[in-house]
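Residue numbers (our numbering): 12 to 668.
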Amino acid sequence: TSAYSSPAKSLGDPGITPLSPSHIVKDSDADDAVEQLFLVVVAIDFGTTSSGYAYSFTKEPECIHVMRRWEGGDPGVSNQKTPTTILLTPERKFHSFGYAARDFYHDLDPTESKHWLYFEKFKMKLHTTGNLTMETDLTAANGKKVKALEIFAYALQFFKEQALKELSDQGGSDFENTEVRWVITVPAIWKQPAKQFMRQAAYKAGMASPENPEQLIIALEPEAASIYCRKLRLHQMIDLSSRAPVNGYSPSDTIGTGFTQGKEHVRRNRQSRTFMVENVIGEIWSELEEGDRYIVVDSGGGTVDMTVHQIRLPEGHLKELYKATGGPYGSLGVDYEFEKLLCKIFGEDFIEQFKIKRPAAWVDLMIAFESRKRAAAPDRTNPLNITLPFSFIDYYKKFRGHSVEHALRKSNVDFVKWSSQGMLRMSPDAMNALFKPTIDQIIQHLSEVFDKPEVTNVKFLFLVGGFAESPLLQQAVQSAFGSRCRVIIPQDVGLTILKGAVLFGLDPAVIKVRRSPLTYGVGVLNRFVEGKHPPEKLLIKDGTRWCTDVFDKFISADQSVALGETVTRSYTPAKPSQLVIVINIYSSEQDNVSFITEPGVKKCGTLRLDLTGTDASVPNRREIKTLMQFGDTEIKAMAVDVATSKSVKVGIDFLNY
12 TSAYSSPAKS
22 LGDPGITPLS
32 PSHIVKDSDA
42 DDAVEQLFLV
52 VVAIDFGTTS
62 SGYAYSFTKE
72 PECIHVMRRW
82 EGGDPGVSNQ
92 KTPTTILLTP
102 ERKFHSFGYA
112 ARDFYHDLDP
122 TESKHWLYFE
132 KFKMKLHTTG
142 NLTMETDLTA
152 ANGKKVKALE
162 IFAYALQFFK
172 EQALKELSDQ
182 GGSDFENTEV
192 RWVITVPAIW
202 KQPAKQFMRQ
212 AAYKAGMASP
222 ENPEQLIIAL
232 EPEAASIYCR
242 KLRLHQMIDL
252 SSRAPVNGYS
262 PSDTIGTGFT
272 QGKEHVRRNR
282 QSRTFMVENV
292 IGEIWSELEE
302 GDRYIVVDSG
312 GGTVDMTVHQ
322 IRLPEGHLKE
332 LYKATGGPYG
342 SLGVDYEFEK
352 LLCKIFGEDF
362 IEQFKIKRPA
372 AWVDLMIAFE
382 SRKRAAAPDR
392 TNPLNITLPF
402 SFIDYYKKFR
412 GHSVEHALRK
422 SNVDFVKWSS
432 QGMLRMSPDA
442 MNALFKPTID
452 QIIQHLSEVF
462 DKPEVTNVKF
472 LFLVGGFAES
482 PLLQQAVQSA
492 FGSRCRVIIP
502 QDVGLTILKG
512 AVLFGLDPAV
522 IKVRRSPLTY
532 GVGVLNRFVE
542 GKHPPEKLLI
552 KDGTRWCTDV
562 FDKFISADQS
572 VALGETVTRS
582 YTPAKPSQLV
592 IVINIYSSEQ
602 DNVSFITEPG
612 VKKCGTLRLD
622 LTGTDASVPN
632 RREIKTLMQF
642 GDTEIKAMAV
652 DVATSKSVKV
662 GIDFLNY
């Protein structure tokens with residue numbers, strides 16, 4: 012028999028059986044809900060390495076304001092975002108976020124700092140945890156554990172307060188949370204539980220509530236980028252494939268000189284930066300015709316996401332052609348390679364100890380590396396110097412009994428030298444070698460996507476996200492795919508997703524068709540057919556032979572789903588006298604699922620319809636309609652007893668089953 016005991020047998024629950032023929036109703040007016048009127052849309056790009064927000068008033072949607080400049084900031088790293096770092100007091104209360112958290116933690120005495128809880132790059136945990144729940148823990152720099160949901164809620168609450176404060180300062184009167192529509196971006200390759208987790212954290216932070224879910228939109232990062240790319244003007248991007256000068260540079264200058272600010276129309280406004288988004292389709296876009304395809308490659312700190320979209324005219328709606336793919340190939344991979352290099356030179360035992368005993372100095376060293384990492388370029392010839400914190404040199408001598416200089420001489424890592432000013436000197440080749448594994452994975456993955464039949468004739472590749480600023484990545488993508496499509500990089504590429512997310516919040520209907528990431532269905536009983544059904548599934552009830560645990564499919568993984576589309580099936584109780592009807596909803600990553608007991612099938616919702624007390628003159632075959640509606644990132648299910656119109660609703664839940 013199967014690994015699971017059969018739910019139907021164990022519960023003694025007669026279950027439901029499909030009413031034949033099962034039919035699908037396309038419900039055109041399913042969503043006539045009254046649109047709430049929000050005064051402003053605030054989008055939060057909650058990144059692995061850095062985060063930020065931007066907003067736009069619904070009355071002037073062509074102006075996108077990027078949050079005011081933050082205190083702090085690093086030498087050699089200029090951006091509008093703040094590091095995704097958070098500090099809790101020893102009593103586990105929120106203390107600070109971003110540069111403030113990092114700098115405060117850094118200035119604590121080591122005897123004190125070991126009691127404080129410091130978290131960085133914690134977003135990756137949602138991607139890497141297989142069985143994410145509301146109870147999942149995160150580990151602070153000092154090794155102590157805190158519930159992930161709390162940390163995410165603290166971070167979102169911080170952004171909520173910052174944004175409301177900035178809006179109130181600008182408007183001169185207090186801004187209420189109810190006047191804001193929030194948009195939070197997540198990687199498209201995240202599994203459903205991670206997306207739901209983000210929504211729960213936002214509820215905990217008080218941005219929206221289960222009663223008022225439409226106040227918060229969870230947007231997919233590459234989709235947001237795609238929406239922004241549609242608005243690009245020629246002066247707002249760099250076309251790596253054109254040999255004509257872009258922005259007054261020749262292409263060979265463009266790569267390597269780093270990005271100079273595009274000629275965006277910038278209005279200085281109480282330190283906030285405002286971008287004018289012209290309400291037109293950009294020039295590049297006007298070259299695209301109905302049915303044209305393009306790829307958005309969103310390369311950030313933690314993950315790289317790829318989405319293939321197709322244009323649907325006249326409105327230029329987007330259709331997702333190939334379900335989002337990608338993986339943990341963000342720029343963190345480069346940091347990891349640097350750490351491996353340090354382990355090779357100074358010994359893994361020392362590096363592990365140093366991180367625990369001098370966590371603040373370790374953070375310092377990684378900040379120094381970050382600014383040099385941004386200086387890496389394909390044609391660079393002079394070495395890159397990385398300052399070693401004094402406590403690194405000091406602690407190493409205590410730990411090993413010889414100097415850092417001695418370790419470098421002995422390590423036979425020939426392209427890293429010691430400079431007399433107390434720095435590690437890396438040759439450009441050594442730096443490029445740190446990028447290689449991560450960039451190779453991105454190129455490899457992109458090649459696989461390009462080989463898919465749905466992905467033929469791609470016209471453009473938009474390279475977006477923070478890691479897209481790297482000239483090494485730009486060059487690799489251009490040389491691998493430049494002959495197949497035009498590689499385009501928006502100016503101010505690190506803010507692309509943020510601006511697109513604001514546009515998405517202003518007009519969520521722009522993405523019309525998505526691919527379902529999972530197969531959904533319900534567990535039913537079917538009449539048992541000898542030779543077709545496995546004998547262990549046979550259940551005899553009141554003389555009728557049933558096959559239990561049948562997976563009745565609503566929608567298959569990778570099937571196109573229009574936004575707001577409703578899929579309907581009709582069932583009838585297997586036993587006519589039954590008054591409580593329980594419908595269990597299941598999901599699977601596989602396309603072909605026959606039974607709910609197959610490996611990988613997970614329960615993700617239950618509809619309980621209680622029909623006690625309803626009129627007895629009900630027809631002998633009661634019809635129970637079950638509807639699933641596929642919303643933005645939420646899926647809702649509903650069961651209706653047709654005779655009495657009694658109904659029950661449930662949201663699909665991936666965290667609590």
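Cβ atoms here follow ideal geometry from the backbone N, Cα and C, with glycine treated the same way. Note that this is a predicted model, so its numbers are computed, not measured.
Terminal residues of the continuous beta strand (DSSP E) containing residue i?
i: Trp373; result: It is not in any beta strand (DSSP E) - Trp373 instead sits in the alpha helix (DSSP H) that spans 370-384.
i: Glu146; result: Where Glu146 is concerned, there is no enclosing beta strand (DSSP E), given that its DSSP letter is neither H nor E.
i: Arg436; result: 434-437
i: Ile356; result: Premise fails: Ile356 lies in the alpha helix (DSSP H), 343-357, not in any beta strand (DSSP E).
i: His417; result: Where His417 is concerned, there is no enclosing beta strand (DSSP E), although the alpha helix (DSSP H) it sits in stretches over 415-421.
i: Arg113; result: Arg113 -> not in any beta strand (DSSP E); alpha helix (DSSP H) instead, spanning 110-118.
i: Lys428; result: 427-430
i: Thr96; result: 96-99
i: Ile397; result: 395-398
i: Val572; result: 571-573
i: Val424; result: Counting along the chain, Val424 falls outside any beta strand (DSSP E), and DSSP gives it neither H nor E.
i: Ile75; result: 74-77
Using C-beta distances below 6 Å, list every residue in its chain close to residue i, excluding the 5 sequence neighbours before and after it, in chain order.
i: Ala174; result: Val53, Tyr64
i: Ser310; result: Gly476, Phe478, Ala479
i: Ala491; result: Ile454
i: Pro370; result: Ala152
i: Pro18; result: Low confidence applies to Pro18: its pLDDT is 45, below 50, so where it sits in the model is not reliable, and the reading given next is rough at best. Contacts found: none.
i: His126; result: Pro101
i: Val572; result: Arg525, Ser527, Phe641
i: Tyr531; result: Phe565, Ile566, Ser598
i: Cys558; result: Asn537, Phe539, His544, Lys548
Less than 7 Å between C-beta atoms, sequence neighbours within five positions excluded: which residues of the same chain meet that for residue i?
i: Leu137; result: Leu143, Trp201, Ala205, Phe208
i: Thr670; result: Given that the chain is displayed from residue 12 to residue 668, the structure contains no residue 670 and the question cannot be resolved.
i: Phe105; result: Leu99, Tyr165
i: Ala159; result: Lys136, Thr147, Asp148, Leu149
i: Glu348; result: Leu445, Pro448
For the alpha helix (DSSP H) containing residue i, list its first residue and its last residue.
i: Pro204; result: 203-215
i: Ile200; result: Segment: none, Ile200 is in no alpha helix (DSSP H) and carries neither H nor E.
i: Arg411; result: 401-411
i: Leu175; result: 159-182
i: Leu483; result: 482-492
i: Ala236; result: 232-240
What residues are listed by DSSP as bridge partners for residue i?
i: Asn595; result: Thr617
i: Gln589; result: DSSP lists no partner for Gln589.
i: Thr579; result: Leu638
i: Gly472; result: For clarity, residue 472 is Leu in the given sequence; the question names Gly instead. Answer by DSSP bridge pairing, in chain order: Ile306, Val498.
i: Met649; result: Leu638, Lys660
i: Asp56; result: Gly63, Thr196
i: Lys564; result: Gly532
i: Thr28; result: Thr583
i: Lys552; result: Thr555
i: Leu128; result: Leu99
i: Asn223; result: Ser220
i: Ile229; result: Ile195
i: Ile249; result: Ile500
Using only CA atoms, which one of the options lies nearest to residue i?
i: Ser598; options: Gly154, Lys586, Gly554, Phe565; result: Phe565
i: Leu167; options: Arg383, Gly183, Gly109; result: Gly109
i: Asp303; options: Ser567, Asp316, Gln321; result: Gln321
i: Phe9; options: Val488, Phe446, Val345; result: Residue 9 lies beyond the range of the chain shown here (12 to 668); nothing can be said about it.
i: Gln432; options: Pro400, Ala111, Ala441, Ala418; result: Pro400
i: Ala585; options: Phe170, Leu550, Asp440, Val197; result: Leu550
i: Leu474; options: Pro233, Phe380, Glu576; result: Pro233
i: Val504; options: Tyr129, Ala236, Glu225; result: Ala236
i: Thr93; options: Ala372, Asp451, Thr59; result: Thr59
i: Asp405; options: Ser414, Thr398, Ile397; result: Ser414
i: Val561; options: Ser179, Arg436, Val612; result: Val612
i: Val194; options: Phe471, Phe57, Val653; result: Phe57
i: Phe471; options: Leu435, Arg241, Thr555; result: Arg241
i: Ser107; options: Asn188, Ser184, Phe169, Lys156; result: Phe169
Within the 9 Å Cβ cut-off, does residue i reach chain D?
i: Leu98; result: In the structure shown, chain D cannot be found, because there is only a single protein chain.
What does a CB cutoff of less than 8 Å around residue i pick up in its chain, not counting 5 residues either side in sequence?
i: Gly267; result: Residue placement at Gly267 is flagged as unreliable, the pLDDT there being 33, under the threshold of 50; a coordinate-derived value is accordingly withheld.
i: Ser656; result: none
**Asked** For the region 503-544, which segments carrying the beta strand (DSSP E) assignment without a break, of at least 3 residues, lie completely within its bounds, in sequence order?
**Response** 522-526, 530-538
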